[in-house]
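A short write-up of the structure that comes next.
2 protein chains.
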Amino acid sequence: MESTNDNVRSQMRKGVLEYCILSILSRKEAYASSLLEELKAANMLVVEGTLYPLLIRQKNQGLLSYRWEESPQGPPRKYYVITEKGRGQLAEMDAAWQEMVESIQALRH
Amino acid sequence: MESTNDNVRSQMRKGVLEYCILSILSRKEAYASSLLEELKAANMLVVEGTLYPLLIRQKNQGLLSYRWEESPQGPPRKYYVITEKGRGQLAEMDAAWQEMVESIQALRH
DNA sequence: TTTCAATACCTTGCAACACAAAGTACCAAA
DNA sequence: TTTGGTACTTTGTGTTGCAAGGTATTGAAA
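The listed protein sequences correspond, in order, to chains A and B.
With our numbering applied, the first sequence corresponds to residues -12 to 96, in that order.
With our numbering applied, the second sequence corresponds to residues -12 to 96, in that order.
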């Protein structure tokens, strides 16, 4: 069944979304809709209702800031920018991710 | 701060715990307390309040079964056993995990 | 001028889950 | 019979992912 498969993947994505967001934003600024597309392209599908609160949380933690920018068409865009604190967090997440990959590799022999 | 670091790791562990449990049980039967020790040794620390409900969920999904066994000391132990369905799920999780590792590797360049 | 479609941001209500903490039960030795 | 070790279970709380619905801006078509 497809849905079982989807649940497995969806479950695993939990906990690494913040890592993915910071990773993308560490390379370039982006607004929510463009992040959605990048994540989709990276097979880390997320929906609006997940992403917006997550960005707000990261901003409140001081990991991100943002600025408004006119759009060529439609309403203005909220471009998120990673902060120094965010880069620090990203470095920690890199280490944590690496360790987890190794732990699981060990578990799977 | 230590706690920030812990939060990052704790957050990332979410979603792969079920994978770890099935992985351990695919090699040998185990009871909760011994699973706790194995996970701790594998740097995937979990606490009782997390593990017990998780095992019950996986049992209710038909991924695990269990049998009681006398303990040399103390109350009887509930040995969990992976089922065929559980092995199927584990195979899916292997694939999902592999894909996610690759996705994140791509995101991180 | 009004309507429409596209774009973009945000909120609400719900369910799942990890965890801390407290509770229950069994057993053997002191 | 009390104590300590082992083991399983439950309760309450906070966080989070998600579906669904809502608000607002813009430009072009009707």
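For each residue, glycine too, the CB sits at the ideal point set by N, CA and C.
To which residues of the same chain is residue i closer than 7 Å at the C-beta, ignoring the five residues directly before and after it?
{"i": "M80 of chain A", "result": "Y6, L9"}
{"i": "S(-10) of chain B", "result": "Residue placement at S(-10) of chain B is poorly supported in this model, since its pLDDT is 49, which falls under 50; the coordinates still yield a value, given next. Hits under 7 Å: none found."}
{"i": "L148 of chain A", "result": "Coverage of chain A is limited to positions -12 through 96, which leaves residue 148 of chain A absent and any answer about it impossible."}
{"i": "Y53 of chain B", "result": "K46, K65, Y66, Y67, V68"}
{"i": "L38 of chain B", "result": "A19, L22, L23"}
With a threshold of 8 Å between beta carbons, is residue i in contact with chain B?
{"i": "W84 of chain A", "result": "yes"}
{"i": "N47 of chain A", "result": "no"}
{"i": "K1 of chain A", "result": "yes"}
{"i": "V68 of chain A", "result": "no"}
{"i": "A90 of chain A", "result": "Sequence check: residue 90 of chain A is Ser here, not Ala. Answer yes: the Cβ-Cβ gap between S90 of chain A and chain B drops below 8 Å somewhere."}
{"i": "E79 of chain A", "result": "yes"}
{"i": "L23 of chain A", "result": "no"}
{"i": "V34 of chain A", "result": "no"}
{"i": "R64 of chain A", "result": "no"}
Which term fits residue i, buried or exposed, when burial requires 16 or more other beta carbons within 10 angstroms of its beta carbon?
{"i": "R14 of chain B", "result": "exposed"}
{"i": "A93 of chain B", "result": "exposed"}
{"i": "G133 of chain B", "result": "Missing from the structure shown is residue 133 of chain B; chain B here goes from -12 to 96 and no further."}
So that I know if they touch, is there some Cβ in chain A lying closer than 8 Å to that of residue i?
{"i": "E71 of chain B", "result": "no"}
{"i": "E5 of chain B", "result": "yes"}
{"i": "Q(-2) of chain B", "result": "yes"}
{"i": "I110 of chain B", "result": "With chain B covering -12 to 96 only, the question about residue 110 of chain B has no answer from this structure."}
{"i": "L9 of chain B", "result": "no"}
Does the beta-carbon distance from residue i to residue j come in below 8 Å?
{"i": "W84 of chain A", "j": "M(-1) of chain B", "result": "yes"}
{"i": "V68 of chain B", "j": "L42 of chain B", "result": "no"}
{"i": "L22 of chain B", "j": "I11 of chain B", "result": "yes"}
{"i": "S(-8) of chain B", "j": "S90 of chain A", "result": "Here residue -8 of chain B turns out to be Asn, not Ser, going by the sequence shown. No."}
Taking 8 Å as the limit between beta carbons, can you name the residues of its chain near residue i, skipping five residues before and five after?
{"i": "G2 of chain A", "result": "none"}
{"i": "M(-12) of chain B", "result": "Reliability of the predicted coordinates at M(-12) of chain B is poor, the pLDDT of 39 falling under 50, and no value is obtained from them."}
Using C-beta distances below 6 Å, list every residue in its chain close to residue i, excluding the 5 sequence neighbours before and after it, in chain order.
{"i": "Q76 of chain A", "result": "L50"}
{"i": "Q45 of chain B", "result": "L51"}
Throw me the rounded Cβ distance for the residue i and residue j pair, which I believe falls under 8 Å.
{"i": "Y66 of chain A", "j": "A17 of chain A", "result": "7 Å"}
{"i": "E71 of chain B", "j": "P63 of chain B", "result": "Not really, about 26 Å apart at Cβ, beyond 8 Å."}
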